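Novice: Under full-length UniProt numbering, the first residue of the sequence shown carries the number 1, and numbering increases by one thereafter.
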Amino acid sequence: MASPSFKPRNYKVNVFSSFHRPDVRKTLLSHMREQFKRTGITMFDDQEIERSAIIAPSLIEAIRESRISIVILSKKYASSSWCLDELVEILECKKAGQTVMTIFYGVHPSDIRKQTGEFGNTFNETCAHKTDQERQKWSKALNDVGNIAGEDFLKWDNEAIMIKKIARDVSDKLNATPSRDFDGMVGLKAHLRDMQSLLHLDYKDGAMIVGICGPAGIGKTTSARALYSRLSCSFQLTCFMDNLRGSYHSGLDEYGLKLCLQEQLLSKILNQNDIRISRLGVKKERLRDHKVLIILDDVNNIKQLEALANETTWFGPGSKIIVTTENKDLLQQHGINNTYHVGFPSRKEALEILCRYALKQSYPHDHSFEVLAKRIIELCGNLPLGLRVVGSSLRGKKEYEWEDVINRLETIIDRDLEDVLRVGYESLDENEQSLFLHIAVFFKYQDGDLVKTMFSDSYLDAKRGLKILVNRSLIKISKYGERIQMHRLLRQVGQKAIHKQEPWKRQILMDGDEICDVLELAKGTRVVSGISFDTSGTNEVIVSERAFKRMPNLRFLKVYKSRYDENDVMHKPGEMEFPRRLRLLHWEEYPSKSPPLTFHPEYLVEMNMKHSKLEYLWQGTQVTHVSCSWILVLNLGLCGHTIL
C-alpha cells in the first residue's frame, strides 16, 4: 500500500473506476464507458487483469497514473477484499491531490459510512477471516469515501441522464487540471483567458468558428496548442490540423483538393488511418451530430477554409473551430468576425522570454547583462520566436560573446526577421548546420527516429545534432509521435543559407535551373547529398544516363510539384542509375513503368512514388537493410497498377 507521502506519477488515463464486477459491469459501467468515449474521456480498462487474493501491482500503478478515480459503491462492493484494497489505495492518492468521485449504486451513503444494513452484513462476512488491522483499515476507508458527496442512483429517474451528468462533471474536473506542458510560457495565461472568453464555451446551441491572427513567430500556434490541451476533454471529438500552409498546392483540381483535405481531417478526428471519401457531403454527415474541437493551424488560402469549415452546420451543437493565420483579411473573407489578435509582448515580458532561454532565469541579475539583454530585445523587435532563437544561441556565453551577437544584429539591414533568426543558425557547428539544412528542406514534420535512420551510416551524429537543435530552439520535437517541427521562418532561413553557398560547396541543390543543368549535363559533385527539385514551371526536364554518376553521396532525392502544370515534360533514359546509398527516394509522377534495371534499394528508408507510371519496383529478389530501428516506408499512390 502507498504511504501518505506518495506523489502521483505522470497521468496516463483520465479515469480509473473501482467497482464490484457482477453488480455493474454489464449495466452502469458499460454505459459509462460508452458515454466517456463519446465525450473524449479515457478510462482504464482492467479486462485482462486476473483477479486474485491481493491487488495486482499493475492496478496500483493504474490508480496512481489516473487523474480521477470514480468509486462505484454497490450492494456487494464490500464482498471483495480486492475492491476494499483498491479503495484504500485510491484514498491514499486522494491525499496526494487526486480527485475522487463517488456513485452510490443502490445503496445509501449512511450504510457505506457506518457499514450497516445489507452492505454492512456483506462487509462483516468479508472481514470474518481477516485481522483486526485489516478490518479497521477498510472500515475507515469506507467511512471516508461515504462522506464524499456523489451521485445517488436511487434519486435518479433516468440512468442515462445521470451518466451524462457524471461525464460532464468529469470533463469539468479534467479542465480544472490542465496539462502542464505550457507552464512557464511568458504571457500565455493572459492569451488563454482572452481566447476562452471569445469562444463562449457556455454557448451550446450551435457551432462557432473563431480566428487567431498575428505576424509570423508571434506565438499563434503555441497559443492554439495550449488552448487545445486545456479544452479537448470537453469535446466528443478533437483534431489539431497543423502544417496547412501550402497544403493547397498539388496536382489535383479544386474538387480533388477539397476531398483530400477532408479525408485528412476525418482520418485525424476519427483516429482512423487513410479514410477515403467519394464526395464532399460525407464530412458533414460524419460530424454534424458531434461536439467537436478543431484547430486549423497556419491557414493561408480561403479554399482551405471552404474545404474544412465552410459552414457551422457541418458540426454539432457546442462545437468550436479555431483558425490561426497571418492573414486577417482571409478570416473576414470567410465571414469569421470573432477574432483574437496575438500582440507583441511588453518589454518586461520580452526581457523575461530572452532571459529564460539565455540565462535560465526570469531576469538578469548582473547589470551588464541587463543592458545587453535590453539592447537585444530592441534589435529583435520583441518577437517571441526571435527572442527564443537568439536567447538560446547565447546560453552559457560570456559577455563579449553577447556583444558579438549584438554587433551582428546591428549590421543587419532593416533588421529583417529572417536575418535575426539566422544568428541562431550561424551559432551552430558545421555538422549541426548541415543537419539543420537537411531538416529545413527534406524532413519537416517527420518522425525523429526516421531522421536518425536517414543519417545512420553518415558522418553526422543525428541523435546529438537533434538534441542541440532542440536546445537552441531551432526545432521542436513533439511529445506525441516524436515529430520534428521547424517554424516556417526558420525553414526559410535554411533555404536562403543554401542559396548563399558557393555552388561547388552546396550539399543540397534546390534551384530548378541549376538542377536541370546537373541532370542533363551530369555536372553533379561528390559534395551533393540531397536534391529537392520542384518541377513546377519547368517546361522540359532532360535526365541523362550519367545524371547521378558524379554524385555517389546523394542520399536524399525529392522530385515534386508545388503546383499543377499540364505542359511540362520529363525525358528519362532507361539506362539511368540511382546512387546505391539513396535513403530517400521521393519522385512524384515518375515517368517510367519501372525503376532502372540496376536499381538496388538496399539502403532505402523511404520511397514515395505517388502519381507515377510504375507497374513494378524490381524483378527477382532484393535485399533491404531492415533493422529493428526502422522500416522501409512505401507510398506508391498507384491507381490500377500491379506491383510485382
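Where a beta carbon is used, it is the ideal one built from N, C-alpha and C, also for glycine. Everything numeric in this text was worked out from a predicted model, so none of it was measured.
Name the DSSP beta bridge partners of residue 533, please?
Specialist: In DSSP, residue 533 forms a bridge with 559.
Novice: Could you tell me if residue 535 is buried or exposed, where buried requires 16 or more neighbouring beta carbons within 10 angstroms of its beta carbon?
Specialist: The residue in question, residue 535, is buried, as its Cβ has 16 or more Cβ neighbours within 10 Å.
Novice: Hey, would you say residue 68 sits closer than 8 Å to residue 99, going by beta carbons?
Specialist: Yes, the pair counts as a contact, with Cβ atoms nearer than the cut-off.
Novice: Ends of the beta strand (DSSP E) at residue 540?
Specialist: Unbroken beta strand (DSSP E) run through residue 540: 540–542.
Novice: Rounded to a whole number of angstroms, what is the C-alpha to C-alpha distance between residue 610 and residue 324?
Specialist: Their backbone Cα atoms lie some 30 Å apart in a straight line.
Novice: Less than 8 Å between the CB atoms is what I'm expecting for residue 358 and residue 391, so what's the real figure, rounded?
Specialist: That pair is a contact at about 4 Å.
Novice: Could you spell out where the alpha helix (DSSP H) holding residue 395 opens and where it closes?
Specialist: Looking at the DSSP string, residue 395 is not in any alpha helix (DSSP H), and its letter there is neither H nor E.
Novice: Compare the C-alpha of residue 300 against each of 334, 549 and 440 and name the closest.
Specialist: Measuring from the Cα of residue 300, the nearest candidate turns out to be 334.
Novice: Is it buried or exposed for residue 623, if we count other Cβ within 10 angstroms and need 16 for buried?
Specialist: In this predicted model, residue 623 has a pLDDT of only 46, less than 50, meaning its place in the structure is not dependable; the value taken from the coordinates is given anyway. Residue 623 comes out exposed.
Novice: If you compare alpha carbons, which of 435, 236, 230 and 476 is closest to residue 494?
Specialist: Closest option to residue 494, Cα to Cα, is 435.
Novice: Alpha carbon to alpha carbon, how far is residue 142 from residue 80?
Specialist: Straight-line Cα distance between these residues: approximately 13 Å.
Novice: So, at 8 Å on beta carbons, what are the nonlocal neighbours of residue 74 in its own chain, with the 5 sequence-adjacent residues on each side left out?
Specialist: So the qualifying residues of the chain are 19, 20, 23, 24, 105, 106 and 107.
Novice: May I ask which residues mark the beginning and end of the alpha helix (DSSP H) holding residue 406?
Specialist: 399–411 is the span of the alpha helix (DSSP H), which, as asked, contains residue 406.
Novice: Taking the continuous alpha helix (DSSP H) assigned at residue 221, which residues delimit it?
Specialist: 220–231 is the extent of the alpha helix (DSSP H) around residue 221.
Novice: Across which residues does DSSP place residue 483 in a beta bridge pair?
Specialist: Residue 483 is bridged to 447.
Novice: So, do the segment 544–552 and the segment 433–453 have three or more beta carbon pairs nearer to each other than 8 Å?
Specialist: Segments in contact, no.
Novice: Express the C-alpha separation of residue 113 and residue 274 in angstroms, rounding to a whole number.
Specialist: Roughly 53 Å between the two C-alpha positions.
Novice: Using the beta-carbon count (16 or more within 10 Å), is residue 438 buried or exposed?
Specialist: The residue is buried, with at least 16 neighbouring Cβ atoms inside 10 Å.
Novice: Check the DSSP bridge columns for residue 209 and list the partner residues they point to.
Specialist: In the DSSP output, where bridge partners are listed per residue, residue 209 has 321.
Novice: Helix, strand or coil: how does DSSP classify residue 602 here?
Specialist: Residue 602: coil per DSSP, three-state reduction.
Novice: Can you give the Cα-Cα distance for residue 53 and residue 314, rounded to whole angstroms?
Specialist: Annotation note: pLDDT 46 at residue 53 (below 50); position unreliable, coordinate value reported separately. Rounded to the nearest angstrom, the two C-alpha atoms are 52 Å apart.
Novice: What did DSSP end up calling residue 514 once you bin it into helix, strand or coil?
Specialist: Of the three classes helix, strand and coil, the one that applies to residue 514 here is helix, per DSSP.
Novice: Cβ of residue 519 within 8 Å of Cβ of residue 542?
Specialist: Going by C-beta atoms, residue 519 is nearer than 8 Å to residue 542.
Novice: Consult DSSP for residue 652 and reduce its assignment to one of helix, strand or coil.
Specialist: No answer is possible for residue 652: the residues shown for the chain start at 1 and end at 644.
Novice: Mapping the DSSP letters down to three states, classify residue 43 as helix, strand or coil.
Specialist: Note: residue 43 maps to strand in three-state DSSP.
Novice: Pair every Cβ in the segment 225–242 with every Cβ in the segment 342–360, then say whether three or more of these pairs are closer than 8 Å.
Specialist: Not touching, per the Cβ criterion.
Novice: Please determine if the segment 334–352 and the segment 214–222 are in contact, where contact requires at least 3 C-beta pairs separated by less than 8 Å.
Specialist: Touching, yes.
Novice: Could you work out which residue in 351, 576 and 577 is closest to residue 381 when comparing CA atoms only?
Specialist: Ranking 351, 576 and 577 by Cα distance to residue 381 puts 351 first.
Novice: Suppose the cutoff is 6 Å on Cβ atoms and the five residues either side in sequence are ignored; what does the same chain contact list for residue 127 look like?
Specialist: Closer than 6 Å at the Cβ level, and outside the excluded window around residue 127, lie 135.
Novice: For residue 579, which option in 530, 407, 502 and 294 has the closest C-alpha, if you only look at C-alpha atoms?
Specialist: The option with the nearest alpha carbon to residue 579 is 530.
Novice: Between the C-alpha atoms of residue 16 and residue 138, what's the straight-line distance to the nearest angstrom?
Specialist: The straight-line gap from Cα to Cα measures roughly 19 Å.
Novice: For residue 123, I'd like the list of residues in its chain whose CB is within less than 6 Å of its CB, leaving aside the five on either flank, ordered along the chain.
Specialist: So the list reads 78 and 115, once near-sequence residues are dropped.
Novice: Which term fits residue 513, buried or exposed, when burial requires 16 or more other beta carbons within 10 angstroms of its beta carbon?
Specialist: Label assigned to residue 513: exposed.
Novice: Are residue 261 and residue 304 touching if we call contact CB-CB under 8 Å?
Specialist: In this structure, residue 304 lies closer than 8 Å to residue 261 by Cβ.
Novice: Would you mind stating whether residue 295 and residue 369 have Cβ atoms separated by less than 8 Å?
Specialist: No, the pair does not count as a contact, with Cβ atoms beyond the cut-off.
Novice: Unbroken alpha helix (DSSP H) runs of length 4 or more, entirely within the segment 343–379: which are they?
Specialist: With a minimum length of 4 residues, the continuous alpha helix (DSSP H) runs that stay inside the segment 343–379 are 347–358.
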